[in-house]
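Comments concern the structure below.
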Amino acid sequence: MTLENVQVHASRLDGGPARVRVQRALIGGRELRDVRLECADFVAFPEQRCRGGVVSAAGFGPWPVEFSVRGTSRVLQASLQLEPAVRIDVTGTLAGAHPQLLLTASRLDIGRLFARDEVLNSWQPAGRVDVSLALADFGAPQAPSARFRAVLSDAGFSSADGLRAAAALAATVDITATRDGDRWRGRVAADWAGGELLWGGVYLKGGATALSSAFTLSDQTVDFSAMSLDLAGVGRIDGHASFDRDAQALSSGRFGAEKLDLAALNERLIAPLFLVRGWPALRMRGQGGLEVAMDAAGIRSARLDLLDAELADTADRLVLTGLSARIPWRRGEPTEATASVSQAAFGRLDAGPFDIAVDLAPERVSVKPVRIPVLDAGLRINALTFRQVAGRWDADLSADLEPVAMPAVTEALGWPKMAGSLAASVPHIRLRDGVMTLDGQMLIRVFGGYFAASALQVIEPFSATPRVLADVQMRYIDLEALTDTFSFGRITGRLDGEITGLEMAHWRPVGFDARIHSSEGDYPREISQRAVESITALGGPGAAAAIQRSFLGFFERFGYRRMGVSCRLLGGVCVMDGLAEKNGGFVLIEGGGVPALSVVGYNRRVDWQELLDRLARVTDSKPVIE
Amino acid sequence: MKRLQRIAMLCLLIASAAWAQSNLEINTPAISQIRSTMQSRHAQLAPYYASGAVGLTADGGVALRDATAVPLAQRPAVQGLIAQENADRASLYREIARANGHPEWEADIRSTFAQRWIERAQAGWYIQSGGAWNKK
Numbered sequence: 028m029t030l031e032n033v034q035v036h037a038s039r040l041d042g043g044p045a046r047v048r049v050q051r052a053l054i055g056g057r058e059l060r061d062v063r064l065e066c067a068d069f070v071a072f073p074e075q076r077c078r079g080g081v082v083s084a085a086g087f088g089p090w091p092v093e094f095s096v097r098g099t100s101r102v103l104q105a106s107l108q109l110e111p112a113v114r115i116d117v118t119g120t121l122a123g124a125h126p127q128l129l130l131t132a133s134r135l136d137i138g139r140l141f142a143r144d145e146v147l148n149s150w151q152p153a154g155r156v157d158v159s160l161a162l163a164d165f166g167a168p169q170a171p172s173a174r175f176r177a178v179l180s181d182a183g184f185s186s187a188d189g190l191r192a193a194a195a196l197a198a199t200v201d202i203t204a205t206r207d208g209d210r211w212r213g214r215v216a217a218d219w220a221g222g223e224l225l226w227g228g229v230y231l232k233g234g235a236t237a238l239s240s241a242f243t244l245s246d247q248t249v250d251f252s253a254m255s256l257d258l259a260g261v262g263r264i265d266g267h268a269s270f271d272r273d274a275q276a277l278s279s280g281r282f283g284a285e286k287l288d289l290a291a292l293n294e295r296l297i298a299p300l301f302l303v304r305g306w307p308a309l310r311m312r313g314q315g316g317l318e319v320a321m322d323a324a325g326i327r328s329a330r331l332d333l334l335d336a337e338l339a340d341t342a343d344r345l346v347l348t349g350l351s352a353r354i355p356w357r358r359g360e361p362t363e364a365t366a367s368v369s370q371a372a373f374g375r376l377d378a379g380p381f382d383i384a385v386d387l388a389p390e391r392v393s394v395k396p397v398r399i400p401v402l403d404a405g406l407r408i409n410a411l412t413f414r415q416v417a418g419r420w421d422a423d424l425s426a427d428l429e430p431v432a433m434p435a436v437t438e439a440l441g442w443p444k445m446a447g448s449l450a451a452s453v454p455h456i457r458l459r460d461g462v463m464t465l466d467g468q469m470l471i472r473v474f475g476g477y478f479a480a481s482a483l484q485v486i487e488p489f490s491a492t493p494r495v496l497a498d499v500q501m502r503y504i505d506l507e508a509l510t511d512t513f514s515f516g517r518i519t520g521r522l523d524g525e526i527t528g529l530e531m532a533h534w535r536p537v538g539f540d541a542r543i544h545s546s547e548g549d550y551p552r553e554i555s556q557r558a559v560e561s562i563t564a565l566g567g568p569g570a571a572a573a574i575q576r577s578f579l580g581f582f583e584r585f586g587y588r589r590m591g592v593s594c595r596l597l598g599g600v601c602v603m604d605g606l607a608e609k610n611g612g613f614v615l616i617e618g619g620g621v622p623a624l625s626v627v628g629y630n631r632r633v634d635w636q637e638l639l640d641r642l643a644r645v646t647d648s649k650p651v652i653e
Numbered sequence: 035m036k037r038l039q040r041i042a043m044l045c046l047l048i049a050s051a052a053w054a055q056s057n058l059e060i061n062t063p064a065i066s067q068i069r070s071t072m073q074s075r076h077a078q079l080a081p082y083y084a085s086g087a088v089g090l091t092a093d094g095g096v097a098l099r100d101a102t103a104v105p106l107a108q109r110p111a112v113q114g115l116i117a118q119e120n121a122d123r124a125s126l127y128r129e130i131a132r133a134n135g136h137p138e139w140e141a142d143i144r145s146t147f148a149q150r151w152i153e154r155a156q157a158g159w160y161i162q163s164g165g166a167w168n169k170k
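Just so you know, the protein sequences line up as chains G and Z, in that order. According to the numbering used here, the first sequence is numbered sequentially starting from 28. According to the numbering used here, the second sequence is numbered sequentially starting from 35.
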């Protein structure tokens with residue numbers, strides 16, 4: 028401390044008014060001009076004491092002040108009233124081998140504290156803070172030390188847009204530091220006891236959240252070591268970090284966590300981030316680990332580990348259980364992520380276990396070929412690649428479903444039991460600009476024949492309103508297997524069909540032009556009495572079997588030559604036609620052999636929903652197309 | 035000109051339907067589905083339009099105007115509503131363009147809609163123009 032040009036005016040040394048004026052003072056490297064102290068009652072001996080004082084300097088004060096310094100160890104007691112509500116009390120021992128000084132200020136108004144700082148004030152700081160600062164061994168040959176404590180209560184702040192804000196904060200910050208040569212070493216601890224915080228979409232409630240770290244402060248750097256952040260219920264994150272004081276930026280750092288509770292992490296951090304983006308929430312359980320290395324350019328590498336985790340959408344349509352994964356990432360370098368899943372459930376279909384490996388590169392993610400066991404067969408992903416193009420993700424997929432027993436599939440799905448097996452082949456599906464397109468055909472083998480879908484497009488497959496467009500061909504479908512399944516009544520024979528311009532919204536057909544007819548070729552053609560009744564019932568009132576009821580009752584089975592029906596669905600109405608015109612109606616089944624039977628329909632316009640309802644009634648079970 | 039008239043007419047019908055819940059049929063399933071989710075979301079958004087927390091943007095979307103009008107804990111949920119609403123509005127414009135066989139109309143449809151939403155906004159709601167918010 029240097030004082031220049033000091034003037035003291037005092038009428039007496041044992042009481043009465045006194046005035047001290049310092050033209051220039053240098054205190055700790057900081058310059059003050061025109062420092063004045065006026066005491067109404069000043070005593071110089073045997074103790075120095077000022078009552079009813081006022082202190083000021085150029086740009087500071089005037090502030091009421093009182094102080095006394097007593098005895099050989101120079102015991103200081105002082106108070107400085109910065110504002111009506113801001114009083115700093117100072118006590119200490121100035122002389123001796125271990126000088127000490129304690130500054131305390133209670134219930135300071137945070138808003139007023141930062142009122143002069145334009146940047147901080149724009150964050151609308153508010154609340155109260157109790158502050159204490161203890162200095163020891165200053166100016167002594169020992170290493171000086173300091174202890175700072177701030178206790179925040181009912182504190183808060185808010186950015187101008189209100190998206191980064193806090194309210195009712197209760198927190199304690201403790202900093203202890205000791206001078207060591209040209210640097211300070213110490214510890215910092217913060218305990219967030221309560222209140223709420225909103226930052227970048229993450230909303231957190233305080234309580235049991237604590238940060239502690241050792242630090243070294245030099246002219247150029249601040250190094251934090253043995254950092255530890257305890258997040259209530261989630262786990263602990265450890266790490267270390269170095270900051271460049273000139274650049275005011277992180278120069279290096281490493282953070283890691285083991286055994287994070289994924290359910291708590293999801294609830295407190297991940298789900299809120301999904302929520303603000305309007306994404307559907309996920310359900311998580313299990314344990315996770317995280318390792319992040321940073322340098323001046325940001326995250327250099329990271330690794331996420333999952334251990335026996337469970338991951339599901341909230342509707343439980345897709346559930347992964349027993350998920351263990353190791354997902355490394357390095358800036359500018361490709362890495363390989365691996366995962367094992369003990370069970371995957373797609374709706375009611377269970378799959379797994381399987382192991383999967385994924386190549387991660389900047390703007391490219393590719394899944395290595397994998398076979399996922401599904402029931403008694405397997406789904407083979409031959410190639411699955413995602414590429415980031417102009418901010419959007421494109422994808423390419425090639426996959427095959429090995430023949431899987433239909434009884435097992437239908438049982439798993441809770442559908443009527445079907446015979447035969449199901450197999451599918453997807454040569455190439457690409458996702459471009461929100462539209463999923465199938466190159467070539469997708470072939471589904473079922474009921475002894477096949478369905479082939481071509482020109483298949485799914486528009487916005489991941490939106491709330493996916494639309495499907497396709498042309499479908501069916502060939503040589505075994506009617507016996509199909510009709511047995513739906514307790515429709517038995518029909519023996521084979522079916523071909525073309526469904527062009529199929530459009531589905533929300534996975535329900537809204538438009539198509541379909542023609543289904545018996546296949547060409549030589550095979551047994553028979554239809555049971557029950558099936559005739561079912562077909563007649565489908566026609567609704569007005570449809571009729573072109574035979575007499577009494578005659579129908581005579582036989583269990585009839586022969587037929589051809590059958591065929593067409594339906595053009597548009598605007599919820601199916602416009603029907605058959606094989607040929609007959610008596611103002613259309614022939615659905617043309618008789619042949621003995622006994623022969625023909626079925627003629629007369630109702631050309633049928634409400635589609637009504638047709639589905641009738642089909643549901645005659646089959647005693649929900650039709651699959653619903 | 036004829037094309038613009040058609041777009042404007044279409045937008046008028048749908049904008050009316052989405053807010054006034056009248057029974058107009060815009061006959062594609064995708065559009066009616068988007069419309070019905072927007073209708074049910076509107077009940078959640080309406081108080082925020084009224085309080086000035088959320089306003090209508092000039093490009094046919096919605097935006098957070100004043101988060102401080104919403105309690106801290108509810109702000110992320112409001113942000114989520116806004117994100118979903120904007121995603122639905124984008125799909126609506128795209129679907130209308132597609133349903134009419136003119137995907138390239140999307141931008142025109144969006145701007146026509148923007149005007150319709152603003153015309154139909156209740157007095158006291160906030161509307162953005164040229165980056166500034168004005169009370170209707």
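Built from N, CA and C at the ideal position, the CB exists for glycine as well.
With at least 16 other beta carbons inside 10 angstroms of its own, residue 603 (chain G) counts as buried. Interface criterion met: the Cβ of residue 304 (chain G) is under 8 angstroms from a Cβ in chain Z. Take the alpha-carbon of residue 226 (chain G) and the one of residue 485 (chain G): they are about 37 angstroms apart. Take residue 212 (chain G), set aside five residues on each side of it, and the residues of its chain with a beta-carbon closer than 7 angstroms to its own are 204, 205 and 243, in chain order. From the listed residues G:349, G:471, G:458 and G:459, the smallest Cα separation to residue 429 (chain G) is found for G:471. Contact check for residue 134 (chain G) against residue 157 (chain G) passes: the beta carbons are separated by less than 8 angstroms.
Here the alpha carbon of residue 145 (chain Z) sits roughly 10 angstroms from the alpha carbon of residue 139 (chain Z).
At a cut-off of 8 angstroms between beta-carbon atoms, residue 69 (chain Z) makes no contact with chain G. For the region 195-228 of chain G, the beta-carbon criterion of a distance under 7 angstroms to any beta-carbon of chain Z is satisfied by 223, 225 and 228. Contact check for residue 223 (chain G) against residue 177 (chain G) fails: the beta carbons are separated by 8 angstroms or more. Put simply, of G:289, G:416, G:644 and G:410 the residue whose alpha carbon is nearest the alpha carbon of residue 515 (chain G) is G:644. For residue 113 (chain Z), the C-beta contacts it makes with chain G under 7 angstroms involve 228 and 303, in order along the chain. Counting only unbroken stretches of 4 or more residues, the alpha helix (DSSP H) elements lying wholly within the region 474-534 of chain G are 506-512, in sequence order. Taking the C-beta atoms as reference points, residue 89 (chain Z) is found no nearer than 8 angstroms to residue 123 (chain Z). At a C-beta separation below 9 angstroms, residue 100 (chain Z) has these neighbours in chain G: 188 and 189. The beta carbon of residue 294 (chain G) sits closer than 7 angstroms to none of the beta carbons in its chain outside the five residues before and after it.
Between residue 146 (chain G) and residue 132 (chain G), the C-beta spacing is not below 8 angstroms. Counting only the Cα atoms, residue 467 (chain G) lies some 40 angstroms from residue 74 (chain Z).
When the five nearest sequence neighbours on each side are left out, the beta carbons in the same chain lying within less than 8 angstroms of the beta carbon of residue 441 (chain G) are those of 375, in order along the chain.
In the structure shown, residue 150 (chain Z) falls within a helical segment according to DSSP collapsed to helix, strand and coil.
For the pair residue 356 (chain G) and residue 387 (chain G), the CB atoms are nearer than the 8 angstroms cut-off. An exposed status is given to residue 72 (chain G), since fewer than 16 other beta-carbon atoms sit within 10 Å of its beta-carbon. In the pairwise beta carbon analysis, the region 615-623 of chain G is classified as touching the region 547-563 of chain G: at least three pairs are separated by under 8 angstroms. Taking residue 179 (chain G) as the centre and dropping the five residues before and after it, the same chain places the C-beta of 154, 156, 196, 197 and 198 closer than 7 angstroms to its C-beta, in chain order. Burial of residue 513 (chain G) is indicated by the presence of at least 16 other C-beta atoms within 10 angstroms of its C-beta. Chain Z has no Cβ within less than 8 angstroms of the Cβ of residue 149 (chain G). For residue 301 (chain G), the enclosing alpha helix (DSSP H) begins and ends at 298-303.
For chain G, the residues of the region 115-145 of chain Z that bring a beta carbon within less than 7 angstroms of one of its beta carbons are 117, 118, 121 and 125, in chain order. Excluding five sequence positions before and after residue 283 (chain G), the CB atoms of its chain that fall closer than 8 angstroms to its own CB belong to 264, 265, 266, 316, 317, 318 and 319, given in chain order. Boundaries of the alpha helix (DSSP H) harbouring residue 636 (chain G): 635-646, taken from the DSSP string. Setting aside the 5 residues that flank it on each side, residue 122 (chain G) is surrounded in the same chain by 99, 100 and 101, each with a C-beta closer than 7 angstroms to its C-beta; the list follows chain order. Close to residue 595 (chain G), with beta-carbon spacing below 7 angstroms, lies no residue of chain Z; the smallest spacing is near 16 angstroms.
One Cα belongs to residue 252 (chain G), the other to residue 142 (chain G), and the distance between them is close to 34 angstroms. Interface annotation, residue 150 (chain Z): not in contact with chain G, CB-CB separation never under 8 angstroms. Going by beta carbons, residue 113 (chain Z) and residue 228 (chain G) fall inside the 8 angstroms limit. For residue 64 (chain Z), the nearest CB of chain G lies under 8 angstroms from its own CB, placing it at the interface with that chain.
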